[in-house]
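Anchor point for the sequence shown: position 38 equals 37 in numbering that gives the first Met the number 0, and the numbering is continuous, going up by one each time. Virtual Cβ for every residue (Gly too), placed ideally from N, Cα, C. Here is the structure we will look at.
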Amino acid sequence: MFNIKRSFNSKIKHACIFIFLFVCLVPSISNAQEIDILLKGGHVIDPKNNIDSKMDVAIVDGKIFEVAPDISAKDAKKVVDVSGLYVTPGLINIHTHIFVGSKDGFADGWDSVDPDAFSFRSGVTTMVDAGTSGWRNFPLFKKNVIDRSKTRVLSFLDIFDFGFSSGSPEMHDTTTMNARMTCETIKKYSGIIVGVCVGHYSGSDWMPFTKAIEAASCSSVPILVETDMPKLSLEGQLSHLRPGDILTDTYEDVHERMSVVDEKGKVRPFVLDAQKRGILFDAGHGGAGFWFSQAMPALKQGLLPNSFGTDLHRFSMNAGMKNILNLMSKFLNMGMSLQAVMARAAWYPAMSIKREDLGNLSVGAVADVAVLNLLHGKFGFVDAGNNKMDGTRKFQAELTIRAGKIVYDLNGISAKKFQNK
């Protein structure tokens, strides 16, 4: 009798447990998180999280929801087959000129370009303007360009009060620099302005560096040094910089500035010393900033770029530079590993501008994603001197996602199949 009663009570106990689990778990199963976009079958390269393998990427509410080997497509609104393609964080171009306008020159000018016209089609989700505006005209840049762009636009604020305007006399007048106002403007727009820019100066006074360091120290941001300062030595420029500051147009070979590689093909010792000290080197291709004669020996001797800033503007995009993917392809064909190239396309520049919320596919991060194809064939790459290098691999952007929205799809891999009736 006791055994029968104990057995009956045990059955009731198990039944209660079953009912409890059913009541608790069924709602959570039926209300499983609905995925907005599921990128299926791609090879994910995410240097921040040490991911370099085939993974799926799920996006929910504009954020990265999950990165895993095999995510179920059952609860996904849109599934995109990215098999055979590379899935990376959205690319970051830290050297651009995008204060587009109607005037001559760059600041609010004709030589700058519209960011949305050149970002997504090359996998770029973040562009950083390199000193095209100063503290006086940054509000206009923000109103006319930054606030109206789908591309995330950040900025290095020029130490000259009206920024970089080609041929402008203000660029040679040290009285137009105001470190205090530059610092206050950076603090006011701290989510957008990521550093101070100095460059395009024809004088022999080191005042631009002094003022830039004062403003950057006050606002805790790095300095980006552009070129065209013929009376200020390269060694002197690098000696003024602090660890974390950036020299762009690294592989330039023009009379306005000493090259990083000497006449015997050796990287100058003071350049390597600066690298060891923590100075960062950006590619800064532009119309004159990248030469194979500099980049190839520098690469072999360990002077790798920290980032692939393109120095994008109206005349560089149609010359040797083309876009960031073309620049990345050059370094890939010069011998840099795929993993090293990818790291310098998003995560390294994110760290250099102190925006570690970007350039990665961490769960909860904004869903800025580039899906890239690595083409194999016969390709030609051109430097600033119109010198050609043959290559066998070339990057192409297939799909770009900005804040969880598909903003570029080269071959319609995310589109509905057309049914011809």
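1) Looking only at its own chain, which residues have a Cβ that is under 6 Å from the Cβ of LEU302, when we skip the five neighbours before and after it?
2) Compute the beta-carbon to beta-carbon distance between SER413 and LYS77, rounded to the nearest angstrom, for a pair I have assumed lies under 8 Å.
3) What are the boundary residues of the beta strand (DSSP E) that GLU65 is part of?
4) Tell me the residue span of the alpha helix (DSSP H) that contains LEU331.
5) Taking 7 Å as the threshold (C-beta atoms), are PHE140 and PHE208 in contact?
6) Cutting at 6 Å between CB atoms, please list the residues of its own chain near LEU324, excluding the five before and the five after it.
7) What are the boundary residues of the alpha helix (DSSP H) that LYS420 is part of?
8) Just to confirm, are GLY190 and PHE163 a CB contact at a threshold of 7 Å?
9) Any chance the stretch 400–407 sits against the stretch 350–360, with 3 or more Cβ pairs inside 8 Å?
10) Taking DSSP's pairing of strands, which residues face GLN395 in a bridge?
11) Spell out the partners DSSP gives PHE159 in its beta bridges.
12) Does the beta-carbon of VAL220 have 16 or more other beta-carbons within 10 angstroms, so that it is buried, or is it exposed?
13) Since I believe ALA345 is in contact with THR95 (beta carbons under 8 Å), could you give me their beta-carbon distance rounded to a whole number of angstroms?
14) What is the rounded straight-line gap between the Cα of LEU337 and the Cα of LEU331?
15) So does the stretch 249–259 actually touch the stretch 283–297, counting three or more Cβ pairs closer than 8 Å?
16) Buried or exposed: where does GLY363 fall if 16 or more other Cβ atoms within 10 Å of its Cβ makes it buried?
17) Would you kindly report the start and end of the unbroken alpha helix (DSSP H) that includes ILE212?
18) Return the chain-ordered list of same chain residues with a C-beta closer than 6 Å to the C-beta of ILE63, the five sequence neighbours on each side being excluded.
19) In three-state terms, what does DSSP make of LYS263?
20) Is THR399 buried or exposed, if buried means 16 or more other CB atoms sit within 10 Å of its CB?
21) Should the stretch 306–319 be regarded as contacting the stretch 366–377, the criterion being three or more beta carbon pairs within less than 8 Å?
22) Let's see if you can read the secondary structure: which residues bound the beta strand (DSSP E) around TYR85?
23) Would you call the CB atoms of ALA178 and GLU213 closer than 7 Å?
24) What are the start and end residues of the alpha helix (DSSP H) that includes LYS275?
25) Going by DSSP in three states, HIS239 sits in which element: helix, strand or coil?
26) In three-state DSSP terms, what is LEU37?
27) Output the distance between the C-alpha atoms of SER148 and ALA116, rounded to the nearest integer angstrom.
28) Taking VAL423 and PRO114 to be in contact with their CB atoms under 8 Å, please state how far apart those CB atoms are, rounded to whole angstroms.
29) CB-CB under 6 Å to CYS425, same chain, minus the five flanking residues each way: which ones, in chain order?
30) Spatial neighbours of VAL260 within its chain, please: CB distance less than 6 Å, with the 5 preceding and 5 following residues excluded, ordered by chain position.
31) What are the boundary residues of the beta strand (DSSP E) that includes MET126?
32) Helix, strand or coil, according to DSSP, for PHE378 in the structure here?
33) Find the nearest neighbour of PRO68 within the set ASP107, GLY61 and ASP51, judged by alpha-carbon distance.
34) Considering only the alpha carbon of each residue, which of ALA369, LYS420 and MET126 lies closest to ALA396?
35) Starting from ALA408, follow the beta strand (DSSP E) in both directions and report where the run begins and ends.
36) What separation, rounded to the nearest whole angstrom, lies between the Cα atoms of ASP35 and ASP160?
Walking through what the data contain:
1) The residues are VAL266.
2) Between SER413 and LYS77 a beta carbon distance of about 7 Å is seen, short of the 8 Å cut, so the two are scored as contacting.
3) Looking at the DSSP string, the run of the beta strand (DSSP E) that includes GLU65 is 62–67.
4) Counting along the chain, the alpha helix (DSSP H) containing LEU331 begins and ends at 323–332.
5) Against a cut-off of 7 Å, the Cβ pair of PHE140 and PHE208 comes out as no contact.
6) Cβ-Cβ distances below 6 Å link LEU324 to SER121 and PHE394 in the same chain, with the five nearest sequence neighbours on each side left out; the list follows chain order.
7) Here LYS420 belongs to no alpha helix (DSSP H), and DSSP marks it neither H nor E.
8) Not in contact: GLY190 and PHE163 (Cβ atoms no closer than 7 Å).
9) Output reads no: the stretch 350–360 does not touch the stretch 400–407.
10) GLN395 pairs with ASN372.
11) Looking at the DSSP output, PHE159 bridges to MET176.
12) Buried: at least 16 other Cβ atoms inside 10 Å.
13) Not quite, the Cβ-Cβ distance comes to about 15 Å (not below 8 Å), so this is no contact.
14) The alpha-carbon separation between LEU337 and LEU331 amounts to approximately 6 Å.
15) Touching, per the Cβ criterion.
16) By the 10 Å Cβ count, GLY363 comes out exposed.
17) DSSP places ILE212 inside the alpha helix (DSSP H), whose first and last residues are 206–218.
18) So the qualifying residues of the chain are LEU360, VAL362, ALA364 and ALA366.
19) Residue state, collapsed to three classes: coil.
20) Label assigned to THR399: buried.
21) Touching, no.
22) Note, TYR85: beta strand (DSSP E), 85–88.
23) In this structure, GLU213 lies closer than 7 Å to ALA178 by Cβ.
24) Here the alpha helix (DSSP H) through LYS275 covers 268–275.
25) It is helical.
26) Strand at LEU37.
27) Cα-Cα distance, rounded: 10 Å.
28) Missing from the structure shown is residue 423; the chain here goes from 0 to 420 and no further.
29) No statement about residue 425 is possible, as the shown extent of the chain runs from 0 to 420 and does not include it.
30) Only VAL266, GLN293, PRO296 and ALA297 meet the Cβ criterion.
31) Annotation for MET126: the continuous beta strand (DSSP E) segment containing it runs 123–129.
32) Annotated three-state conformation of PHE378 is strand, per DSSP.
33) Measuring from the Cα of PRO68, the nearest candidate turns out to be ASP51.
34) Out of ALA369, LYS420 and MET126, ALA369 has the C-alpha closest to the C-alpha of ALA396.
35) Residue identity check: residue 408 is Asp in the sequence provided, not Ala. 404–408 is the span of the beta strand (DSSP E), which, as asked, contains ASP408.
36) Using only the alpha carbons, I get a separation of about 44 Å.
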